[in-house]
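Numbering (this note's numbering), first residue to last: -14 to 259. Even glycine gets a Cβ: it sits at the ideal position worked out from N, Cα and C. One structure is given here, and the rest of the page talks about it.
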Ligand SMILES: NC(=O)c1ccc[n+]([C@@H]2O[C@H](COP(=O)([O-])OP(=O)(O)OC[C@H]3O[C@@H](n4cnc5c(N)ncnc54)[C@H](O)[C@@H]3O)[C@@H](O)[C@H]2O)c1
């Protein structure tokens, strides 16, 4: 897909951070954009900030963990704009703790949003994209935590590795079609991800939250505060769609970290092949 002018995009997690960055970039390129988010107030505020493009934007409150809600949001988008060409399954949350300590509620929340949320987007839009047959693209937001691991990030890494795997499978399944698939794997980006708990459903709150090393939490908060501008991430995403590139990396320093992981894996093969 080369041109976004007059095309339509659906972006989840569009009221903040990377999702908002992608929505803005798509609007700048002349696309219609449906903004989807679970946080109604932030979504309304985003809509008024983007008011100058108001004939090309609309919004829908939608919890991506709920397959029915995502189907309804998709139908609202078809009714409002017609054919949809870009779907950014981006909504995600950060939560975790050491594996021995992570509660079932936390697993359910992280899997529901970060993994099933992406699948729900694929299932709600792919049959429609195949039916209209115009050039289209699915972008799933994973993380560099879908390539490398870190202590205390079990649920996050497990879901982000799964999003990488699912997107690679999707790209294979779509080979030769007019639809591309990409997975976004950024490192630190300046967003509100550290405040993810603001969107945690009451039923999935733990009476005793998982322990997380306060020094590590502070380090991560600093890294995010000094992180990449979401607008720069969004530019990389649009470039990757145009190039039909499956993996989207944003931070050159993560190349060495990824290489280290693969070196370790190859070392284990060396151990059996001499
Ligand atoms: N910020 C980073 O450093 C970073 C790095 C790698 C990957 N990511 C990924 O980027 C994506 C976007 O996160 P962000 O950093 O912009 O954080 P953010 O908190 O600024 O934005 C996330 C948005 O998703 C929405 N959201 C949360 N739960 C939802 C749900 N159940 N249904 C619909 N919307 C929901 C939030 O309301 C928010 O608007 C996530 O998938 C995250 O894992 C972020």
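Check, Outcome
"Residue 3 - containing beta strand (DSSP E), residue span", "Note, residue 3: premise wrong, no beta strand (DSSP E); alpha helix (DSSP H) at 2 to 13."
"Selected residue, minimal CA-CA separation from residue 6, among 217, 230 and 254", "217"
"Rounded C-alpha distance that separates residue 253 from residue 118", "44 angstroms"
"For residue 169 and residue 127, believed in contact at Cβ under 8 angstroms, the rounded distance", "6 angstroms"
"Below-7 angstroms beta-carbon distance, residue 164 vs any chain C residue", "Of the protein chains in this structure there is only one, and it is not chain C."
"Residue from 179, 69, 183 and 13 with nearest C-alpha to residue 204", "179"
"Sheet register partners of residue 138 (DSSP bridge)", "82"
"Pick from 55, 51, 237 and 62 that is closest to residue 18, judged by C-alpha positions", "62"
"Exposure label - residue 137; buried when at least 16 CB within 10 Å", "buried"
"Simplified DSSP state of residue 74, which is helix, strand or coil", "strand"
"Exposure label - residue 30; buried when at least 16 CB within 10 Å", "exposed"
"Close Cβ partners of residue 28 (< 7 angstroms) along its chain, the five nearest in sequence each way excluded", "0, 20, 22, 44 and 46"
"Same chain, Cβ closer than 6 angstroms to residue 78, five either side skipped, listed in chain order", "98 and 181"
"Beta-carbon proximity of residue 3 to residue 75, cut-off 7 angstroms", "yes"
"Residue 128: CB within 6 angstroms of a non-hydrogen atom of ligand 1", "yes"
"Start-to-end residues for the beta strand (DSSP E) that takes in residue 250", "No beta strand (DSSP E) contains residue 250, which is instead part of the alpha helix (DSSP H) from 239 to 258."
"Closer than 6 angstroms: residue 199 CB and nearest ligand 1 heavy atom", "no"
"Nearest candidate by alpha-carbon position, reference residue 14, set 250, 226 and 108", "226"
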